[in-house]
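Engineer: Going by the working numbering, the residue at position 1 of the sequence shown is -17; the numbering climbs one at a time, nothing skipped. In this text, a Cβ means the ideal position worked out from N, Cα and C, and glycines have one as well.
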Amino acid sequence: MSEPASFFLHAHITESNLKKFFHSPATNIKDYDDWLPWFTEEQRLYGDPAKMLNNLATCNSGESEKNIYAEHINFNKETQIVTMDHIFLSESYETFMPLMACVRGIEKFITPGKNNFALIYYYWWGSEIAIALEFDANGSRITANPKAENLTIADAFFDEHGEALAEELYNKQGFI
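If you want it as structure tokens, here you go:
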């Protein structure tokens, strides 16, 4: 797809653990060994995924917070849920992967339960999933088929806020 995909993260986490995550060392592609098998089980991108992953292996540095390029990060103190979003993130796995590697590090800090996930998909243009992470008590897993309830949560967020987010981004950048 050549249109920019949307990014959305939804995770149950305490405020103190969110702060710990933000100040923890950013995780990288090299910190997980399941990226390449996921890319090679079916063709997910044009080009060589091993080369891309190798080139990006240590792309993140410093604290996690400095490597998360979401447009918005919101924490609800009542529900203990953090959301992160970017309505038009990118159209490239070279942009997706550093972000997903970094947010994957939240797995050590979340409150185990339902609906802990990160998703990059083509909300504005259809429903194709680029990549998703689902978190549970055992860590995280990569998928191109997130649970329907997680996709429903992301869709509901962008259905409610998408127009305003697109307008905000356009006013900020002058383009989408």
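1) Any idea what DSSP makes of Ser(-16), helix, strand or coil?
2) Please name the residue, chosen from Glu24, Val64, Gln25, that lies closest to Phe3 on a Cα-to-Cα basis.
3) If the criterion is Cβ atoms closer than 7 Å, does the pair Ile69 and Leu151 meet it?
4) Spatial neighbours of Phe117 within its chain, please: C-beta separation below 6 Å, excluding the five flanking residues on both sides.
5) Got a sec, what are the start and stop residues for the beta strand (DSSP E) Asn56 sits in?
6) Pick helix, strand or coil for Pro19, following the three-state DSSP scheme.
7) What does DSSP give as the partner residue(s) for Ile124 in the beta ladder?
8) Provide the residue span of the beta strand (DSSP E) that contains Asp67, from first to last.
9) Under a Cβ-count criterion, where at least 16 other Cβ atoms within 10 Å of its own Cβ denotes burial, should His54 be classed as buried or exposed?
10) From which residue to which residue does the beta strand (DSSP E) around Tyr51 run?
11) Can you tell me whether Ile158 is buried or exposed, with buried defined as 16 or more other CB within 10 angstroms of its CB?
12) Any heavy atom of the ligand GDP closer than 6 Å to the beta-carbon of Ser46?
13) Is it the case that the Cβ atoms of Asn42 and Ala8 are separated by a distance below 7 Å?
14) Look up Ile102 in the DSSP assignment and give the residues it is bridged to.
15) Determine the contact status of Cys84 and Asn58, defining contact as a CB-CB distance below 7 Å.
Structural biologist: In short, the structure shows the following:
1) In this structure, DSSP gives Ser(-16) a state outside helix and strand, which the three-state scheme calls coil.
2) That would be Val64, whose Cα lies nearest to the Cα of Phe3.
3) yes
4) The answer, listed in chain order, is Glu89, Ile92, Asn98.
5) 54 to 58
6) helix
7) Leu115
8) 63 to 72 is the span of the beta strand (DSSP E), which, as asked, contains Asp67.
9) exposed
10) Element bounds for Tyr51: n/a, residue is neither H nor E.
11) Ile158 should be labelled exposed.
12) No copy of the ligand GDP occurs in the structure displayed, which carries no ligand at all.
13) Taking 7 Å as the Cβ cut-off, Asn42 and Ala8 qualify as a contacting pair.
14) Phe(-11), Ile113
15) It is not a contact, given that the beta carbons lie outside the stated cut-off.
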